[in-house]
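Step one of this worksheet: look at the structure below.
Protein chains: 2
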Amino acid sequence: MLTETGKGALTETPAATAVFTAVLTEGPLSRVSLARQLGLSSAAVTKAARPLIEMGYLQELAATERTGPGAGRPASPLAVQADREFFVGVKITGDELIGVVCDLCADVRTSAHRPLTDPSVEAVLNELGRLVDDLLDGPGGYRARTRRLGLAVSGDVDRNTGLVRYSPFLQWHNVPLERLAAEVTGLTVTVENDVKALTTAEHWFGEGVGAESFALVTVGTGIGCGLVVNGRLVSGSHGVAGEIGHIGVDATGPTCHCGGRGCVEAIAGTPAIVRQARECSGRPELTIDDAVALARGGDEQIGAIFARGGNAIGTGIAAVANLVGPARIVVSGEGLAAYDLFETHIRAGFERQAFGAAVDCPLSIRPLPFEEWARGAAAVSIQSLVAP
Amino acid sequence: MLTETGKGALTETPAATAVFTAVLTEGPLSRVSLARQLGLSSAAVTKAARPLIEMGYLQELAATERTGPGAGRPASPLAVQADREFFVGVKITGDELIGVVCDLCADVRTSAHRPLTDPSVEAVLNELGRLVDDLLDGPGGYRARTRRLGLAVSGDVDRNTGLVRYSPFLQWHNVPLERLAAEVTGLTVTVENDVKALTTAEHWFGEGVGAESFALVTVGTGIGCGLVVNGRLVSGSHGVAGEIGHIGVDATGPTCHCGGRGCVEAIAGTPAIVRQARECSGRPELTIDDAVALARGGDEQIGAIFARGGNAIGTGIAAVANLVGPARIVVSGEGLAAYDLFETHIRAGFERQAFGAAVDCPLSIRPLPFEEWARGAAAVSIQSLVAP
DNA sequence: GCGTAATAATTTCCTTCGTCAAGTATTGAT
DNA sequence: ATCAATACTTGACGAAGGAAATTATTACGC
Chain A
1 MLTETGKGAL
11 TETPAATAVF
21 TAVLTEGPLS
31 RVSLARQLGL
41 SSAAVTKAAR
51 PLIEMGYLQE
61 LAATERTGPG
71 AGRPASPLAV
81 QADREFFVGV
91 KITGDELIGV
101 VCDLCADVRT
111 SAHRPLTDPS
121 VEAVLNELGR
131 LVDDLLDGPG
141 GYRARTRRLG
151 LAVSGDVDRN
161 TGLVRYSPFL
171 QWHNVPLERL
181 AAEVTGLTVT
191 VENDVKALTT
201 AEHWFGEGVG
211 AESFALVTVG
221 TGIGCGLVVN
231 GRLVSGSHGV
241 AGEIGHIGVD
251 ATGPTCHCGG
261 RGCVEAIAGT
271 PAIVRQAREC
281 SGRPELTIDD
291 AVALARGGDE
301 QIGAIFARGG
311 NAIGTGIAAV
321 ANLVGPARIV
331 VSGEGLAAYD
341 LFETHIRAGF
351 ERQAFGAAVD
361 CPLSIRPLPF
371 EEWARGAAAV
381 SIQSLVAP
Chain B
1001 MLTETGKGAL
1011 TETPAATAVF
1021 TAVLTEGPLS
1031 RVSLARQLGL
1041 SSAAVTKAAR
1051 PLIEMGYLQE
1061 LAATERTGPG
1071 AGRPASPLAV
1081 QADREFFVGV
1091 KITGDELIGV
1101 VCDLCADVRT
1111 SAHRPLTDPS
1121 VEAVLNELGR
1131 LVDDLLDGPG
1141 GYRARTRRLG
1151 LAVSGDVDRN
1161 TGLVRYSPFL
1171 QWHNVPLERL
1181 AAEVTGLTVT
1191 VENDVKALTT
1201 AEHWFGEGVG
1211 AESFALVTVG
1221 TGIGCGLVVN
1231 GRLVSGSHGV
1241 AGEIGHIGVD
1251 ATGPTCHCGG
1261 RGCVEAIAGT
1271 PAIVRQAREC
1281 SGRPELTIDD
1291 AVALARGGDE
1301 QIGAIFARGG
1311 NAIGTGIAAV
1321 ANLVGPARIV
1331 VSGEGLAAYD
1341 LFETHIRAGF
1351 ERQAFGAAVD
1361 CPLSIRPLPF
1371 EEWARGAAAV
1381 SIQSLVAP
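Top line first, the protein sequences correspond to chains A and B. Numbered according to my numbering, the first sequence spans residues 1 to 388. Numbered according to my numbering, the second sequence spans residues 1001 to 1388.
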């Protein structure tokens, strides 16, 4: 049976939270280096780490090879016991549930998905219950060591209350998803916006580790952006943040469904690409896959559409870099998006429009498997245990 | 003689800093309401406030009229003793020093300026010494109760080390201004970027009070932006932040001196306005004042230039709102800039391009006297005393 | 006028967290 | 073997903040 301090929180003191977070995100670290990094005495680290080791969340590794002058007692690094606890993460889209089980280090252990024919709340909860059962009761025997579930939903989500205020794809309004999912699954549930979840995962377990500020851009039907500034996720006072897709980058560009002009999304979003490709090819039934195939096959007109889109995205990313100056930026395509067609143009647009030293901001452009979204949900769940 | 705890810091504990900051920024507050607001016990507030009262930084006001049901001991609000200490703030431009003396509440008590014929470091320090002497030894007798000086400089400034890495208008490279100014004036010096200083002033003492996130946009020769997110000033990992002027908002717009295309500054900055006005009027000697006069006089072509500029600025501001979602945005013209010609177009551009609920973000558009920049420097100096 | 309820502020006592300083553990170098 | 260097642990101590009781000051009902 799982037990820990008090009512669900893993750590009781800020120092213990800091110690566990640092070990979790920055790999094995000795007590002394933790103390240096966190500005604590080594005694404080020893005291904070002890209960975490006793509870099985941390373990002491064997001393590694020496560094520095060579004399002195070798450090015994602290590492996270990844098997100590498991977390379910589920991404809810309009037509599918994608679920994963992750360990404490956010490594995916198993995954599954279920198609969704009906995006009503009841149907989704129903499928969610089965998906969680499949994941936890299948091989691996995760059930006994799993208490938490993270859910990622696109739209306006209040993580604190677990309320989905509005989700356009699901057509949900004010759904108390945290409570409902907890009733269905019996797990402790955390609900977060999908892009924020992905950003959190990248910040704690991916390329954003150690960065004081960090941005993640997702390219697909919509174009979104998660932002970490001064070590904290940006939420936006009016419920709006990271809407890089609706930055206006072309005063003479097309009108966007949002009412704006020349929005990045109206130029580079999947529907915009399809619309332009249909217009220019004269084939009204053409799909995004067709457009990608044509561009890869050397069609210059279709290629120019992707080029223009990539440039718009790069300009939007440069706006992020110019405004908040993140230490690094990760650009990920939703699912199997044609990120390779965009990449050079994104970089070109970014480099042209980034001001001064902002061009030094490293840009990672890479595809994003659908499971990553679910892993993001699991990462949020891990975070809710470690730093509530 | 001024005395306080330890080595220059006003408060010793985080709680005392929080109490003093709250009283400073949010006006008189009773101990109980402070406790509620800060999440402390009222006992803790009493203990934190006592030494601040003893040192003369806080004072207890007479009980005010009752609120609520009516029964109970009336609260005795704590207020800042504005006269307790004074601060000098100086804005350094390429051709002038503007200085003010502020009290602890950042109210300007007196001001002065000195023309600058030579922007070399020696000449500036020389004039700075005289300006400070003029301010402190003139009527008011501020010298005895003044220990700190804030300096605002445009360009790349490291507030922590007090180093001016690069200032384009002054042509300074790696000037240790904090140390040099301290030697000249005998005061404790803080150096900050001018836009950040202004943002800090507005965040602590102006319209940004109480806002978790907040943006200030300055319009003039350059177009800049100071950003507060999650209660903290944004600095940018690569030394770049708030460069709203170099967001690309028009893919077919003019090329900017930064190498970008359709930058806000290349459309709406004072030099860009002048250039366009000259081209369209055919008068190569035309100044910004002429352009403003023509536009105000009804010249439709010149008016359209301002309209386009205002729209570009509004689009840039919408990018800020869409990305970080500040609780409010203040737009200020540098000096006497023609903000009235811009205002409606800034609002129009913003409202068109702001996504969803971001349009609810209140926009204040107002002129900015040059002294405000110096007051910003003083505000940073106050901050360095209160929350180092 | 006088108790009583209500709210504000203070005081006293106590817990807790983290530091300091001293001590233990484990290594390489001489 | 001894010593220097580094890592970690232990226990005493101090400071910060909380809980609860106490004091202060008001309005209101009688």
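Built from N, CA and C at the ideal position, the CB exists for glycine as well.
Closer than 9 angstroms to chain A by CB, residue i
| i | result |
| --- | --- |
| Thr-1093/B | no |
| Glu-1212/B | yes |
| Val-1010/B | A small fix is needed here, since residue 1010/B is Leu in this sequence, not Val. For Leu-1010/B, the answer is no, since every Cβ of chain A falls outside 9 angstroms of its Cβ. |
| Ala-1247/B | Correcting the residue type first, residue 1247/B is Ile in the shown sequence and not Ala. Judged by the 9 angstroms Cβ criterion, Ile-1247/B is in contact with chain A. |
| Ser-1237/B | yes |
| Val-1386/B | no |
| Val-1393/B | Summary: the structure shown does not reach residue 1393/B, with chain B confined to residues 1001 through 1388, and so no result is reported for it. |
| Arg-1232/B | yes |
| Lys-1007/B | Any reading at Lys-1007/B must be qualified, since the residue scores a pLDDT of 40, below 50, and its modelled position is unreliable; no value is offered. |
| Thr-1021/B | no |
Proximity test, Cβ basis, 9 angstroms: residue i and chain B
| i | result |
| --- | --- |
| Asp-250/A | yes |
| Pro-326/A | yes |
| Leu-323/A | yes |
| Glu-243/A | yes |
| Ser-41/A | no |
| Gly-269/A | no |
| Arg-261/A | yes |
| Arg-145/A | no |
| Ser-332/A | no |
| Cys-280/A | no |
| Gly-217/A | It should be pointed out that residue 217/A corresponds to Val in this sequence rather than to Gly. No, Val-217/A lies away from the interface with chain B (no Cβ there is under 9 angstroms from its Cβ). |
| Val-100/A | no |
| Thr-13/A | no |
Residue i vs residue j beta-carbon contact at 9 angstroms
| i | j | result |
| --- | --- | --- |
| Gly-1039/B | Arg-1084/B | no |
| Val-380/A | Lys-91/A | no |
| Phe-306/A | Ala-291/A | yes |
| Leu-177/A | Val-191/A | yes |
| Tyr-339/A | Ile-365/A | yes |
| Arg-109/A | Asp-118/A | no |
| Val-100/A | Leu-187/A | no |
| Ser-1384/B | Arg-1148/B | yes |
| Ile-247/A | Asn-1311/B | no |
| Val-1386/B | Thr-1021/B | yes |
| Arg-165/A | His-173/A | yes |
Nearest residue (CA-CA) to residue i, options the options
| i | options | result |
| --- | --- | --- |
| Pro-1074/B | Arg-1050/B, Asp-1103/B, Ser-1033/B and Gly-1094/B | Ser-1033/B |
| Thr-221/A | Thr-270/A, Cys-263/A, Thr-200/A and Ala-241/A | Thr-270/A |
| Phe-1098/B | Val-1240/B, Pro-1388/B and Glu-1372/B | Here residue 1098/B is Ile; the residue named in the question, Phe, does not match the sequence. The shortest C-alpha separation from Ile-1098/B is found at Glu-1372/B. |
| Val-219/A | Val-228/A, Val-234/A and Leu-198/A | Leu-198/A |
| Ala-304/A | Gly-325/A, Pro-326/A, Arg-328/A and Ile-273/A | Ile-273/A |
| Ala-152/A | Arg-114/A, Gly-89/A, Ser-213/A and Leu-128/A | Gly-89/A |
| Thr-185/A | Trp-172/A, Arg-143/A and Glu-207/A | Arg-143/A |
| Pro-115/A | Leu-128/A, Thr-21/A and Asp-107/A | Leu-128/A |
| Gln-81/A | Leu-136/A, Gly-236/A and Glu-60/A | Glu-60/A |
| Arg-347/A | Leu-78/A, Ala-211/A, Arg-308/A and Val-45/A | Arg-308/A |
Opposing strand residues paired with residue i [DSSP bridges]
| i | result |
| --- | --- |
| His-1238/B | Paired residues: none, contrary to the question. |
| Lys-1091/B | Ile-1098/B and Ala-1152/B |
| Thr-1190/B | Gly-1150/B |
| Phe-86/A | Asp-103/A and Thr-146/A |
| Gly-224/A | Thr-218/A |
| Pro-1079/B | Just to set this straight, residue 1079/B is Ala in the shown sequence, not Pro. Paired residues: Gln-1059/B. |
| Tyr-1339/B | Looking at the DSSP assignment, Tyr-1339/B forms no beta bridge with any residue, so it has no partner. |
| Ala-334/A | Checking the sequence, you will find Glu at residue 334/A rather than Ala. DSSP, once it has assigned bridges, lists Leu-368/A as partnering Glu-334/A. |
| Ser-111/A | Val-100/A |
- prompt: Which residues, in order along the stretch 353–369 of chain A, keep a beta-carbon less than 9 angstroms from a beta-carbon of chain B?
  reply: Gln-353, Ala-354, Phe-355, Gly-356, Ala-357, Ala-358, Val-359, Asp-360 and Cys-361
query: For the stretch 1219–1230 of chain B, which residues have a beta carbon sitting closer than 8 angstroms to at least one beta carbon of chain A?
result: Cys-1225, Leu-1227, Val-1229 and Asn-1230
message: Please identify, using Cβ separations under 9 angstroms, the residues of the stretch 1161–1189 of chain B that lie next to chain A, in order along the chain.
response: none
- request: For the stretch 1295–1311 of chain B, enumerate the residues whose C-beta is nearer than 9 angstroms to any C-beta of chain A, in chain order.
  value: Arg-1308 and Asn-1311
- request: Could you list the residues in the stretch 1124–1146 of chain B with a C-beta less than 9 angstroms from some C-beta on chain A, going in chain order?
  value: none
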